[in-house]
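In the working numbering, the protein residues as written are 73 to 613.
Idealized CB from N, CA, C, for every residue including glycine.
Report on the structure given below.
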Ligand code: GLC
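Written out as structure tokens, the structure is:
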């Protein structure tokens with residue numbers, strides 16, 4: 073079709089390896105399991121598989137705490153399996169993106185084990201060590217907070233009688249990227265996988281890597297009440313620093329050593345839109361940054377219109393907005409929609425027809441929902457270590473799940489016991505959702521009215537229809553209340569998308585003559601008028 077870099081028109085499917093498919097019956101998903109299911113991913117029609125970390129790790133944070141970047145945790149398989157995964161994905165025309173955790177390692181990583189031993193060893197400066205303030209240096213070096221906000225990012229080490237920085241969990245010490253040996257070692261990690269054919273990386277916590285070398289305190293964000301209790305620190309000296317933007321360019325240069333195909337860098341970065349945009353530079357930084365506003369969407373035409381309009385202005389072609397509705401950290405979207413599948417279908421039509429790169433989290437395509445797991449049973453370290461004090465009756469009612477286990481339960485393949493994730497009789501690492509008997513790939517694959525078939529139809533349409541694949545986007549004005557509409561234009565061709573977010577039927581005049589897809593069979597186009605049932609979406613041409 074159109075000549076553009078592959079990543080500009082791809083669609084991303086995120087696999088959380090521990091929960092996707094268990095090939096050896098130990099209750100934990102693995103790489104061989106993912107390989108077995110590549111056909112599913114390719115058949116639904118996704119272009120790229122992003123695999124969350126499977127590297128050697130004590131699994132305190134389920135792989136986001138790496139102890140060897142160039143090997144595979146035994147429960148997930150071997151290095152040969154990782155190589156097979158790349159090869160098998162490519163054989164099916166899929167691109168593969170691995171998850172690179174650059175900001176921190178596990179405290180079990182041999183680098184940190186050495187670094188913590190003394191102030192003078194070879195790796196002494198590989199992590200961010202500081203003397204404390206006050207008598208005996210027992211006061212923290214400055215006010216930097218962990219990403220979880222609730223606590224300081226500084227951890228005391230008795231061995232060195234110094235503090236080390238850990239921007240996420242205490243067991244994940246931050247690497248010192250100002251040290252050129254660290255930088256080279258980590259770039260070599262990227263090269264290690266690029267040489268094995270991976271098509272790029274999702275960059276974990278990328279915004280937090282280069283901290284202020286002067287360790288200045290982050291300023292306090294004024295809050296309306298001005299109460300001490302609720303004061304919040306800005307992250308001027310820890311996140312999205314100029315040096316961090318430079319790092320994006322450097323990492324891109326490493327990727328440029330491996331062309332054909334071009335390798336892609338996708339940043340997990342948080343901040344104002346303008347800040348996020350800086351990571352892309354003039355097309356010589358990261359290629360994509362996740363846009364997380366949709367993770368906590370308000371289901372309304374106005375909300376999405378406002379966001380899309382902002383993203384279109386900030387990421388005009390050839391830049392691409394990267395839309396995310398679900399991932400392994402946040403509440404499942406169907407739960408935000410009160411379980412209403414009609415609404416999930418509207419969101420699917422929107423996500424897969426917008427200009428940009430959509431990401432879909434495993435199970436989103438079948439409408440998997442959160443699986444309630446009480447905090448006391450949590451395996452997620454955030455829930456276990458930081459929020460275990462939250463009373464269950466409160467936690468239960470929070471719209472945002474504290475316990476990330478709830479969105480990481482096993483993928484639902486079929487109606488058998490354990491949903492086809494692992495053999496019956498084996499206990500999966502997290503419980504299977506009770507709705508697996510009916511909400512699963514096998515059942516939905518055979519039902520043309522299912523969410524899964526809608527994803528399949530949308531992805532097919534997106535790849536076949538040039539305007540959806542490569543066209544520009546123009547928001548439509550003057551539509552009925554609760555209706556979001558946009559045009560996608562490519563050369564002389566146009567596709568029109570209309571989405572009714574309201575509880576009532578809507579009628580919209582349209583110059584189009586053909587209905588290419590409808591999320592609701594009642595929707596129709598007659599005499600240039602489109603009838604949209606409540607909570608429905610259509611694609612027209
Ligand atoms: C990212 C990951 C999350 C992980 C954290 C620490 O936010 O998405 O799952 O726990 O980084 O690496």
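Under a Cβ-count criterion, where at least 16 other Cβ atoms within 10 Å of its own Cβ denotes burial, should residue 109 be classed as buried or exposed?
buried
Determine, using beta-carbon pairs with one atom in the segment 398-407 and one in the segment 365-376, whether at least three such pairs fall under 8 Å.
yes
Between which residues of its own chain and residue 291 is the CB-CB distance below 8 Å, once the five residues before and five after are set aside?
305, 306 and 308
Tell me the DSSP secondary structure of residue 174 in three-state form.
coil
Compute every distance between the C-beta of residue 170 and the non-hydrogen atoms of the ligand GLC, then say whether any falls below 6 Å.
no
If distances are taken between C-alpha atoms only, which option among 569, 603 and 578 comes closest to residue 588?
569
Just the C-alpha distance for residue 576 and residue 520, rounded to the nearest angstrom, thanks.
25 Å
Do residue 397 and residue 350 have their C-beta atoms closer together than 7 Å?
At least 7 Å separates the beta-carbon of residue 397 from that of residue 350.
Would you check if the distance between the CB atom of residue 526 and the CB atom of residue 417 is smaller than 7 Å?
Using a Cβ distance threshold of 7 Å, residue 526 and residue 417 count as a contacting pair.
Identity of the residue in 124, 141, 142 and 143 nearest residue 134 by Cα
124
Hey, residue 201 and residue 234: beta-carbon distance below 7 Å or not?
Contact check for residue 201 against residue 234 passes: the beta carbons are separated by less than 7 Å.
Have a look at 254, 421, 546 and 457 and flag the residue whose alpha-carbon is nearest the alpha-carbon of residue 382.
546
With contact counted as at least three CB pairs below 8 Å, one residue from each stretch, are the segment 411-429 and the segment 89-101 in contact?
No, the segment 411-429 does not touch the segment 89-101.
Going by beta carbon distance, what residues of the same chain come within less than 6 Å of residue 597, once the five residues before and after it are set aside?
587
Just curious, the beta strand (DSSP E) that residue 362 is in, first and last residue?
360-363
Identify whether residue 128 lies in helix, strand or coil by the three-state DSSP scheme.
strand
Given 8 Å as the limit, is there contact between the segment 382-396 and the segment 499-512, that is, 3 or more CB pairs closer than that?
no
Residue 236 lies in the beta strand (DSSP E); which residues open and close that run?
Taken as a continuous stretch (DSSP letters only), the beta strand (DSSP E) holding residue 236 covers 234-237.
Would a C-beta distance cut-off of 7 Å place residue 612 and residue 584 closer than the cut-off?
yes
Do the segment 143-161 and the segment 184-201 make contact, defined as three or more Cβ pairs closer than 8 Å?
no
Return the first residue and the last residue of the alpha helix (DSSP H) that residue 527 is part of.
Note, residue 527: alpha helix (DSSP H), 523-536.
Could you say which of 478, 433, 226 and 229 lies nearest to residue 447 if we only look at CA atoms?
478
So, under 8 Å CB-CB, residue 551 and residue 557 are touching, yes? Tell me the CB distance rounded to an integer number of Å.
5 Å
Locate the alpha helix (DSSP H) running through residue 156, then write down its first and last residues.
151-163
So does residue 136 have its beta carbon nearer than 6 Å to some heavy atom of the ligand GLC?
Result yes, Cβ under 6 Å from the ligand GLC.
Near residue 421, what residues of its chain come up, given a Cβ to Cβ distance below 8 Å and the 5 sequence neighbours on each side ignored?
526, 530, 569, 571, 589, 591, 609, 610 and 611
Helix, strand or coil for residue 258 per DSSP?
helix
Throw me the rounded Cβ distance for the residue 277 and residue 175 pair, which I believe falls under 8 Å.
4 Å
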